[in-house]
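Visitor: Pasting a structure below so you can have a look.
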Amino acid sequence: MRSSSVRMIGASCSAAAREPGSAVNTIAEPHMTAADFNNRVCPKSIFFWNPLLLSLLVVTRQHILRFTARFNRLQNRGRKPPPHSLSWESYTNIMEIQAFFQIFSGFFELGSNCYPLLRECLKSRVPKKITFFYQKPLGSWLFRVILPDIMKFIPEQLDPITRRFVETHPGGSAIEVTSRGQQLRYLLTALLLLLLLKFRWDYFLFFVTAFLMFWYAAAVIFRGGAAVLSWFGRGEEIITDDEVAALSDDELPVYTVFLPLYHEANIAAKIVRNMGKLDYPKEKLEVMLLLEADDSETREALARTGLPPYCRVLTVPDAPPKTKPRACNYGLSQAKGVFSVIYDAEDAPEPDQLKKACIAFRRDPEKRVLCVQGKLNYFNSRHNLLTRLFTVEYSTYFDLTLPGYQLFNLPLPLGGTSNHFRTDILRKIGGWDPFNVTEDCDLGLRIYEYGYKTRLINSTTYEEANSQVWNWMRQRSRWVKGFIQTHLVHYRNPFRTMKRLGVYGAFGGFLAVGGSAMMMLTNLIFWAAMLLYAGLLLHGLFAGVPLLDQIVGPRFDTAYEGVRIGHLTLKAWPLVYYGTGEDPFWSIFSQIFFAGSLIMFLANFIFIGIGVAACVKRKYYRLIPAALLMPFYWLLISLAAWKGFIQIFTKPFYWEKTKHGLTDNIEPCKEETA
């Protein structure tokens, strides 16, 4: 089936290229620019198959090499090269090519550089061996699942460390956003829902609403239960000051600190100062400042600060993808420490954190604890309302939610920093996934999958909370995108996941990662539905209809007509509603709708209560008023979640850089009192 489909596509493309008036032949004209292509081909291709054939155009490595050779010949002869041209090396950029391949990659813009390439490639027949193809939304959506695997040559373009991770984790890296099986499942589900929407829209509403309500409620109950459990239990390793004081420098091992930096010249001095505050023998401390090859500003700023002997700058080779986990993997390959930890540029860990981590590892003689997670919080919580809300959220997550996951004995999605590891075992499992934009979350699930454990300790690292809304949105959308990536990677085959994690661990990991992302996405939908319903109730009240009559509802329609919007008439949906045809289906659906709305309404109060409890536990009493506003903060989270969800299709590996140094330097405080 597959080969016949490819032959059919190839024959159609070749025939279209020979036809004088075809759209394909049009773009083979010698001096057509990208703008000409857009204006003359895309809008005027009325016939359905013309844009579809364009979207399925097959291109091989040989085509690109021939195009590059022609481009070089033109340069050598002194002639002007084709407009918007790129070299072969540019076309093999993994960030562009990978996003180029995704099933829903129609929104991704490689740029006008692809048009001269297309013109050149259309001069020859479609080859039999497919390496990769130019795709538009329709073609990639409908036909990606029947074409051969086009990703196998990608590892050849990567650096050795990244290539080794991809090769040793087949199907376990985010380099492949969705597997073919996932694409087929999602495509079939979408087609079934579309058919259901066309023929029984009422059943479509029923199933979609019930599905979203169920998982939303499950995620809320799961996170709420974890918070309650950790409030009454102890989900972290308590290490006393006496234990820390009893440690001698001679018994401490070499400790490596990974500090991935990119465009952090403005806080270079602060970085070095914070590392100097660590209470650890400096002769046993190895601080790796991991810089990208093109980041000369940070390199010069660090040189001006005068680095101490225990700090050294490592330049990460310039290769795709340019992400934090890839830089950390490069540092891991050269680390000398028995233990290692990752910190972000603005981090200010408590001075004794490394010693506490050593004690936590020492408590595990069987070496089953691979990771020790320090808590995270913010030193600029009082800067503005956004930083207050952000601090309440972090206090909830690291002081209540994650300890609850540990008590449940479930996979822990790690925080992005203050992760302490046994260096040799971390190398053994491959380090971080360079293509995952929340590599910490992915690593937390892999630790559990390999049979190792993660433990939290009573030590805090203070960071800088985003004080600007757009900068916060960029960071949060990346986090949600990474959670979705992690879910797609670890749940490609649900049965295989259950075999590796166990049914209990697989279900818990699903709720902690995929369920959290789904909750953030659906929160906006449910809020919109609730606000619409509240508006309809108010309209009915002003029209003289009692509130109880609107909610419980008469069996038959009354004189109240509701709100007219064009040809639509809307009014509050009653709890018991049989419709004009006395169909019991509508009564069941209305009750599910009300149950879900009630859960969503109560969920906001649950999160308010958890936020207040987190403030009390950390003694952040002045942040309790901000905790009362958490439902509005969740709306902001939902907006950022949709931004990250869209980027899964458009920019799956794009690392949105978080700007640091936006707040004046504030020394971290350990507690606040009323």
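The sequence shown begins at 1 in full-length UniProt numbering and counts up by one. Ideal Cβ placement from N, Cα and C applies to all residues, glycine included. Fair warning: this is a prediction, and the values are worked out from it, not measured in the lab.
Take residue 149 and list the residues in its own chain whose beta-carbon comes closer than 6 Å to its own, dropping the five residues that flank it on each side.
Guide: Low per-residue confidence applies at residue 149: pLDDT is 32, beneath 50, and the placement is therefore not dependable enough to give any value.
Visitor: List the endpoints of the continuous alpha helix (DSSP H) containing residue 485.
Guide: 469-490
Visitor: Using 8 Å as the threshold, is the stretch 224-236 in touch with the stretch 259-268, meaning 3 or more CB pairs across them?
Guide: no
Visitor: Whole angstroms are fine: how far does the CA of residue 341 sit from the CA of residue 423?
Guide: 9 Å
Visitor: Buried or exposed, going by whether 16 or more other CB atoms sit within 10 Å of the CB of residue 201?
Guide: exposed
Visitor: Report yes or no: do the stretch 494-507 and the stretch 426-437 share at least 3 C-beta pairs separated by less than 8 Å?
Guide: no
Visitor: Starting from residue 430, follow the beta strand (DSSP E) in both directions and report where the run begins and ends.
Guide: Residue 430 -> no beta strand (DSSP E), and no H or E assigned at all.
Visitor: Between the alpha carbons of residue 146 and residue 649, how many angstroms are there, rounded?
Guide: Per-residue confidence for residue 146 stands at a pLDDT of 31, beneath the threshold of 50, marking its modelled position as unreliable; the derived number appears in the next sentence. When rounded, the distance between both Cα atoms is 19 Å.
Visitor: Between the Cα of residue 319 and the Cα atoms of 638, 382, 435 and 344, which residue gives the shortest distance?
Guide: A check of alpha carbon separations from residue 319 across 638, 382, 435 and 344 identifies 435 as the nearest.
Visitor: Just verifying my parser: in three-state terms, what is the DSSP assignment at residue 658?
Guide: coil
Visitor: Can you pull the DSSP bridge partners for residue 346?
Guide: In the DSSP output, where bridge partners are listed per residue, residue 346 has none listed.
Visitor: Whole alpha helix (DSSP H) runs in the stretch 212-268 with 4 or more residues, listed along the chain?
Guide: Unbroken alpha helix (DSSP H) stretches of 4 residues or longer found wholly inside the stretch 212-268: 241-246, given in chain order.
Visitor: Which of the three DSSP states, helix, strand or coil, is assigned to residue 175?
Guide: coil
Visitor: For the stretch 587-603 and the stretch 365-377, state whether three or more C-beta atom pairs, one from each stretch, are separated by less than 8 Å.
Guide: At 8 Å Cβ cutoff, the stretches do not touch.
Visitor: Which partner residues does residue 375 have in the DSSP bridge list?
Guide: 460
Visitor: Less than 7 Å separating the beta-carbons of residue 460 and residue 350?
Guide: yes
Visitor: Please determine, among 245, 441, 383 and 333, the residue with the shortest C-alpha to C-alpha distance to residue 159.
Guide: 333
Visitor: Out of curiosity, what's the CA-to-CA distance linking residue 190 and residue 532?
Guide: Going from the Cα of residue 190 to the Cα of residue 532 covers about 27 Å.
Visitor: Can you tell me which residues form a DSSP beta bridge with residue 291?
Guide: Looking at the DSSP assignment, residue 291 forms a beta bridge with 261 and 315.
Visitor: For a quick check, are the C-beta atoms of residue 356 and residue 175 less than 7 Å apart?
Guide: no
Visitor: Going by CA-CA distance only, name the one from 570, 360, 626 and 508 that's closest to residue 389.
Guide: The option with the nearest alpha carbon to residue 389 is 626.
Visitor: What is the C-beta distance between residue 395 and residue 621, in whole angstroms, given that I count them as a contact (C-beta under 8 Å)?
Guide: Residue 395 to residue 621, Cβ: 12 Å. No contact.
Visitor: Out of 658, 659 and 644, which one is the CA nearest neighbour of residue 652?
Guide: 644
Visitor: Chain B beta carbons: is any one of them nearer than 7 Å to that of residue 307?
Guide: Checking the listed chains, one finds no chain B in this structure; it contains a single protein chain.
Visitor: If you follow the beta strand (DSSP E) that residue 307 is part of, which residue opens it and which one closes it?
Guide: Where residue 307 is concerned, there is no enclosing beta strand (DSSP E), given that its DSSP letter is neither H nor E.
Visitor: Taking 7 Å as the cut-off, decide whether the C-beta atoms of residue 455 and residue 237 are in contact.
Guide: Between residue 455 and residue 237, the CB-CB gap stays under 7 Å.
Visitor: Under a three-way DSSP split, which group does residue 495 fall into?
Guide: helix
Visitor: With H, G and I counted as helix, E and B as strand and the rest as coil, what does DSSP make of residue 437?
Guide: Under the three-state reduction of DSSP output, residue 437 falls in the coil class, being neither helix nor strand.
Visitor: Are there 16 or more other CB atoms within 10 angstroms of the CB of residue 571, so buried, or fewer, so exposed?
Guide: buried
Visitor: Does the Cβ-Cβ distance between residue 407 and residue 609 come in under 7 Å?
Guide: Between residue 407 and residue 609, the C-beta gap is not smaller than 7 Å, which leaves the two residues out of contact.
Visitor: With a 10 Å radius around its C-beta and 16 neighbouring C-beta atoms as the bar for buried, classify residue 347 as buried or exposed.
Guide: So residue 347 counts as buried.
Visitor: How long is the line joining the alpha carbons of residue 494 and residue 321, rounded to whole angstroms?
Guide: 28 Å
Visitor: Can we say the stretch 358-372 touches the stretch 293-311, given the rule of at least three CB pairs closer than 8 Å?
Guide: no
Visitor: Can you check which of these residues, 163, 197 and 511, is closest to residue 218 by C-alpha distance?
Guide: Among 163, 197 and 511, the Cα nearest to that of residue 218 is on 511.
Visitor: Taking C-alpha atoms, which residue in 597, 546, 162 and 484 lies nearest to residue 527?
Guide: 597
Visitor: According to DSSP, simplified to helix, strand and coil, what is residue 689?
Guide: Residue 689 is absent from the model: the chain starts at 1 and stops at 674.
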